[in-house]
Every structure is written in structure tokens, then in C-alpha cells.
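In what follows, a structure is listed as C-alpha cells, so that the remarks can point back to it.
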Amino acid sequence: MEFKREPSNPIRPLIMCGGSGTRLWPASRSNRPKQFLPLFGALSTFQETLRRVADAGLFGRPVIVTNKDHRFLVSDQLEALGIEADVLLEPEARDSGPAILAGARHIADQDGETALVLALAADHMVRDVEGFQRACRQAGTAARAGHIVTFGIEPTGPATGYGYIEPGEEIVAGGRHVVRFVEKPDATTAERYVGEGFLWNSGNFLFQAGVMLADYAMHDPETADAVGEAVATAQSDLGFLRLDATAFARAEARSIDYAVMERTARAAVVAATFDWSDVGSWSAVRDLYALDEAGNAARGQAAFVDARANFVSTDGPLVAIAGLDDVAVIVTPDAVLVARRDDAAGVKALVEQLKASHRLLTQEHRQSFRPWGSYRSLDLSERHQVKSIVVKPGGRLSLQKHHHRSEHWIVVRGTALVTIGSEVKSVHENESVYIPIGAVHRMENPGKIDLEIIEVQTGGYLGEDDIIRIEDIYNREAS
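Just so it is clear: in the sequence shown, position 72 is 72 by UniProt numbering, and no numbers are missing.
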């Protein structure tokens, strides 16, 4: 990835995709959260967001701000779309404020402080792309006049899961002054807000880079200085830009709403008519599917009898619901969730509890993705695990060793180049190799097709943290 300026395009998309998506567990997990999942078709919401800003006549080169652990997910999904971007890596999560600040600083350094920046969440869904682009053009007028513009969504009902915006007088064509932002209301208050013309707060913004930088510095100069230093001293790494960890750690973890929007005198709102969802719960996911006559929706095989307003997502077995309403049933290969469809807070609390008792189920899927390819756990017990591993052409696992397990590799397809100690050899289809406990080893794919192997692990501890990396072309942590 090359960092370059696109001066002919007026709006630079800034896509934030560092969230963990705990409210959509078990489909969403920390190592592959919801923004990278194909929840509504072949593409993830991150990829759908990229496609919304792909019109070169309106948008410039995207800037992505993401967690360092998700950098190769971002890279793979960009490559699948044939899109290039600048990718900034956060050393740690500091909420949306520092993320937007870092992106604005990066864009200002490239294109100048008058450059327009469109800050978007990677996990939102908008299907009306033309309507979205019309709203961006409309918001651009207010942003060029020095306002920080938020997109207010016209409510379809008194929802309690969104924040609201009270719009005031018109300040530019189509743009109105923001009287106040209000938190998620109860049902009675939400109904009153809708009746009084309040808008849903989408959490997406358009502004001049310099305006955001100046306002942030006015309200939180310490964070502005810290993030500015983190960008100025960032290091290029395999095409990514790593923000300086020491400087970034000094930034106050705060959302952009609290850091700037609720304090600035420059806030404006454009009433957007395009469809929008923050995909913040299984109820929100259901709303984006076709419903049957009883309001049920399903991804995968499902059957409903005397059941209303339910949602099923299953990766395999048929799910049958009888006599229940407003339930979400989510089936993955290693976990099943049954919950009230709209209880996003309950799912989040459940994940926090599982972090203590079943930590891996909150982090990893049965299929886990790595920069070199992926692996799927086929069988797991206390002292053995069987994995199916796919290594992409040119992929190379780290040179590593394990303290607690041995491994047996059987090549199913392709050719593996295997290092064990000082020995390097090719292992072909229907051949196998054994790696003793403590042996330094590596596997790579020198061929032009995917390498597929079956790995059998045996030992007293089989966790992924029993990997001591000695050398790694992807610059992952040493252990």
C-alpha cells in the first residue's frame, strides 16, 4: 500500500473499523468482528462501506483506521474489491474520537486543512447508495462553510436504541443548526422526539480536516497533541502506517460525540432520507432481511410454527421455533445463542461473562483467518486437536516452536516447504511430517495453488498462545 495524494477528488472517506461487535456474538468475535462478516450477502459491511464511496468523481482515496490485530483482514477485503487505501493502525483502542482525529491529521498532512473528510463507521448498512451520495453532496456545502456536519436519519418509528438530534434553524441550503444531541431515550420520550421532528444520530460526519483538528484542540488539547505526535512519528510497516504507541496511549479514550460534537458551536445536521442501520443488535440484523407473514426472518435453514418476529441465523443445522415470539437463535459450529431479539445489552453482558469462563469462544471462530491463510478446528479435546489448514500461494507461517505440544502435518493438496530445526524439505500430497515438542519449525507454500493440510496436535496445552515466534515476515509479535 502506497500513501499518496488524490487532489482531484474532493471528499476523502475516513472509515473506522476498530470495534469488537460483542452485541452480535457468537457470529462476531474479537479476532473477526461484525464489520468483517458477510452478514447480508457475499460482502462484509466494511466492504459495502467501501463500495458506497467508490465513485471517483465524488470521493478520493480512502483512509482506514483499524486495530493492529485486524490489519490483514482489512488488507484481504480491500484486495478482494480491488481498492487501495491508506491504513492507519491503532496500537490500542481509544474510541472514535482519537481515531477520527488521527485520520483527519493524516488527510490534512496530505491534502491540506481544507480537505473534506467523510467519517464513516464500517459496521453500518446503507443500501440506497444514490441517496447516500446526494446527502454527501448536500453536506459538502455546509462543511465547506466551516461546519461539522452530521447525517441525521429521519426516524421510521420511536426507536429506543439510537441517540437523537434536535435540529434548529437552517444555516445553509439543506443544513440546519444542531440545537442538542440527546442520549438513547425510553419509549415515551422517543415517541415525543419523533413527533417533534428529531432525527436519529447516525454517527457519521463530514467536515474540513482543519476544522475538526482545531475544535478538538480547543476542547481536549492534550489528546490533540498526543494524536498529532502519534501520526507524525508513525512508522510504515508492510504498507500499513503504525501510529506511535507511546504517544497514542496518552490520548483520552472518548467518543467523537463527547469529545467534540456535544461541545462545538460548529455542529450542523443534514436530514438524510437514505435507509440506514447501525447493525447494533440481532433485532437490527433481522430488520434487514425479508420477513414472512409473521415477521420471522432467517439466514440458513429455519422453520416457524405459531411464532412471530423471530430471527434465526444458522451455519448448518435446521433451527425450528414453535410458540415463541421476539427471539434470536444464532447457531455457529461451536456455540448457540438463544436470546430476546432486542436484548443487545444482555448479549454484551453475556460475552463479558464468557471471557472469564470460555475466553476462546469470545475471540476465535472455528475458522480463523491469518495473513498467510486460514485454519478450521475440526476436533478438540483436552489433549488433542485436529485442524484443517489452508496456506495461500506465497504464504509463510512464522518460524516458531511450542512448549506443550507436538504436531503431525499431512498434506492433502499442494506442496509444503517445511523447516524442522536445520532441515528444510518438500512434503507432497499424501505425505506427512512430524514436529516434536520444542522443535523450531515453519511451513510455507511455494506453489501457485492453495496448500491444504491436516494438522494433528497432541500435548498438555493446545492454546494459540503457546506459539513462540522466532521470525515472522508479517511482523507479528514475538510470542
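Just so it is clear, CB atoms sit at the ideal spot from N, CA and C, and this is done for glycine as well. If you're wondering where the values come from, they're calculated on a predicted model, not measured in any experiment.
1) For the beta strand (DSSP E) containing Tyr216, list its first residue and its last residue.
2) What does a CB cutoff of less than 6 angstroms around Ser8 pick up in its chain, not counting 5 residues either side in sequence?
3) In the DSSP assignment, find the beta strand (DSSP E) that holds Arg370 and state where it starts and stops.
4) Compare the C-alpha of Ala298 against each of Phe40, Ser96, Pro26 and Thr114 and name the closest.
5) Just to confirm before moving on: does the CB-CB distance between Thr223 and Leu101 stay below 9 angstroms?
6) Compare the C-alpha of Val231 against each of Ser377, Gly373, Gln110 and Leu397 and name the closest.
7) In angstroms with no decimal places, state the Cα-to-Cα distance between Val87 and Val411.
8) Could you have a look at Thr314 and say whether DSSP puts it in helix, strand or coil?
9) Determine, using beta carbons only, whether Val424 and Ala416 come nearer to each other than 9 angstroms.
10) Are the beta-carbon atoms belonging to residue 521 and Tyr289 less than 9 angstroms from one another?
11) Quick one: grab the DSSP three-state call for Pro7.
12) When the Cα atoms are used, what is the spatial distance from Val260 to His219?
13) Give the range of the beta strand (DSSP E) segment to which His441 is assigned.
14) Applying the 10 Å Cβ sphere with the 16-neighbour rule, what's the burial state of Gln77?
15) Using the DSSP secondary-structure output, state which residues sit across from Met125 in a beta bridge.
16) Since Val440 contacts Ile470 with CB under 8 angstroms, what's their CB separation in whole angstroms?
17) What runs of the alpha helix (DSSP H), each 4 residues or longer, lie entirely inside the segment 229-294?
18) Quick one: give me the first and last residue of the alpha helix (DSSP H) that Ala80 is part of.
19) Start and end of the beta strand (DSSP E) containing Gln457?
20) Should Phe59 be listed as close to the ligand SAH, given that the test is whether its C-beta is under 8 angstroms from any heavy atom?
21) Given that a residue counts as buried once 16 or more other Cβ atoms are within 10 Å of its Cβ, and exposed if not, what is Gln353?
22) How long is the line joining the alpha carbons of Val211 and Ile330, rounded to whole angstroms?
23) Straight-line CA distance for Ala271 to Asn201?
24) According to DSSP, is Ser202 helix, strand or coil?
25) Buried or exposed for Ile107, please, with buried defined as at least 16 other CB atoms from any protein chain shown within 10 angstroms of its CB.
26) Using the beta-carbon count (16 or more within 10 Å), is Lys68 buried or exposed?
27) Can you tell me where the beta strand (DSSP E) with Ala328 in it begins and where it stops?
28) Beta-carbon within less than 6 angstroms of Leu318's beta-carbon, same chain only, minus the 5 sequence neighbours each way: which residues are those?
29) Note down the Cα distance separating Gly21 from Ala122, rounded to an integer number of angstroms.
30) Rounding to the nearest angstrom, what Cα-Cα distance links His408 and Val126 in this structure?
31) Using the DSSP secondary-structure output, state which residues sit across from Arg134 in a beta bridge.
32) Starting from Gln400, trace the beta strand (DSSP E) in both directions and tell me its first and last residue.
33) How is Lys425 classed by DSSP in three states: helix, strand or coil?
34) Counting along the chain, where does the alpha helix (DSSP H) carrying Asp379 start and finish?
35) Note down, in chain order, each residue of its chain lying with its Cβ closer than 6 angstroms to the Cβ of Gln385, except the 5 sequence neighbours on either side.
36) So what's Tyr474 in DSSP terms, helix, strand or just coil?
Here's the rundown:
1) By one-based count along the sequence shown, residue 216 stands at place 216. It is not in any beta strand (DSSP E) - Tyr216 instead sits in the alpha helix (DSSP H) that spans Ala209 to His219.
2) As a position in the sequence shown, residue 8 is number 8, starting the count at 1. In this prediction, Ser8 scores a pLDDT of 47, lower than 50, which makes its location untrustworthy; the coordinate-derived value is nonetheless stated afterwards. If we look at Ser8 and ignore the five residues flanking it on each side, it has no Cβ neighbours.
3) Stepping through the sequence shown from its first residue, residue 370 is reached at position 370. Note, Arg370: beta strand (DSSP E), Gln367 to Arg370.
4) Counting from one through the sequence shown, the residue named residue 298 turns up at place 298. For Ala298, the nearest C-alpha among the options comes from Phe40.
5) By 1-based counting over the sequence shown, the position of residue 223 is 223. By 1-based counting over the sequence shown, the position of residue 101 is 101. A contact, by the Cβ cut-off of 9 angstroms.
6) Stepping through the sequence shown from its first residue, residue 231 is reached at position 231. For Val231, the nearest C-alpha among the options comes from Gln110.
7) Taking the sequence shown and counting its residues from 1, the one referred to as residue 87 is at position 87. Taking the sequence shown and counting its residues from 1, the one referred to as residue 411 is at position 411. Approximately 35 angstroms between the Cα atoms of the pair.
8) Mapped onto the sequence shown, residue 314 falls at position 314. Correct three-state label for Thr314: strand.
9) Position 424 of the sequence shown, counted from the first residue, corresponds to residue 424. Position 416 of the sequence shown, counted from the first residue, corresponds to residue 416. Not a contact, by the Cβ cut-off of 9 angstroms.
10) Outside the shown range of the chain (1 to 479) lies residue 521, about which nothing can therefore be said.
11) Walking along the sequence shown from the start, residue 7 turns up at place 7. Confidence at Pro7 is low in this model, with a pLDDT of 40, below 50, so its placement is unreliable and the value that follows should be read with caution. Three-state DSSP puts Pro7 in coil, outside helix and strand.
12) Start at 1 with the first residue of the sequence shown, and residue 260 comes out as number 260. Start at 1 with the first residue of the sequence shown, and residue 219 comes out as number 219. Approximately 7 angstroms between the Cα atoms of the pair.
13) Taking the sequence shown and counting its residues from 1, the one referred to as residue 441 is at position 441. Note, His441: beta strand (DSSP E), His441 to Glu444.
14) Position 77 of the sequence shown, counted from the first residue, corresponds to residue 77. So Gln77 counts as buried.
15) Taking the first residue of the sequence shown as 1, we reach residue 125 at position 125. DSSP lists Ser277 as partners of Met125.
16) As a position in the sequence shown, residue 440 is number 440, starting the count at 1. As a position in the sequence shown, residue 470 is number 470, starting the count at 1. Yes, Val440 and Ile470 are in contact; Cβ-Cβ is about 6 angstroms, under 8 angstroms.
17) 245-248 and 282-287
18) Numbered from its first residue, the sequence shown carries residue 80 at position 80. Here the alpha helix (DSSP H) through Ala80 covers Arg71 to Leu81.
19) As a first step, residue 457 must be located in the sequence shown, where it is residue number 457. It spans Leu451 to Gly459 - the beta strand (DSSP E) in which Gln457 sits, taken as one unbroken run.
20) Absent from the structure shown: the ligand SAH. Ligands present: none.
21) As a first step, residue 353 is located in the sequence shown; it is residue number 353 there, counting from the start. Exposed is the call here.
22) Here residue 211 refers to the residue found at position 211 of the sequence shown. Here residue 330 refers to the residue found at position 330 of the sequence shown. Using only the alpha carbons, I get a separation of about 44 angstroms.
23) Walking along the sequence shown from the start, residue 271 turns up at place 271. Walking along the sequence shown from the start, residue 201 turns up at place 201. Spanning the two alpha carbons is a distance of roughly 10 angstroms.
24) As a first step, residue 202 is located in the sequence shown; it is residue number 202 there, counting from the start. Of the three classes helix, strand and coil, the one that applies to Ser202 here is strand, per DSSP.
25) Here residue 107 refers to the residue found at position 107 when the sequence shown is read from its first residue. Label assigned to Ile107: buried.
26) As a first step, residue 68 must be located in the sequence shown, where it is residue number 68. Under this definition Lys68 is a buried residue.
27) Translated into the one-based positions of the sequence shown, residue 328 becomes position 328. Taken as a continuous stretch (DSSP letters only), the beta strand (DSSP E) holding Ala328 covers Val327 to Thr332.
28) Translated into the one-based positions of the sequence shown, residue 318 becomes position 318. Gln301.
29) The residue given as residue 21 occupies position 21 in the sequence shown. The residue given as residue 122 occupies position 122 in the sequence shown. If you take the alpha carbons of Gly21 and Ala122, they lie about 11 angstroms apart.
30) Stepping through the sequence shown from its first residue, residue 408 is reached at position 408. Stepping through the sequence shown from its first residue, residue 126 is reached at position 126. When rounded, the distance between both Cα atoms is 47 angstroms.
31) Within the sequence shown, the letter at position 134 stands for residue 134. For Arg134, which the question treats as bridged, DSSP gives no partner whatsoever.
32) In the sequence shown, counting from the first residue as 1, residue 400 sits at position 400. Looking at the DSSP string, the run of the beta strand (DSSP E) that includes Gln400 is Leu399 to Lys401.
33) Walking along the sequence shown from the start, residue 425 turns up at place 425. In this structure, Lys425 counts as strand in the three-state DSSP scheme.
34) As a first step, residue 379 must be located in the sequence shown, where it is residue number 379. It is not in any alpha helix (DSSP H) - Asp379 instead sits in the beta strand (DSSP E) that spans Gly373 to Leu380.
35) Position 385 of the sequence shown, counted from the first residue, corresponds to residue 385. Contacts found: Gln457 and Leu462.
36) Stepping through the sequence shown from its first residue, residue 474 is reached at position 474. Coil.
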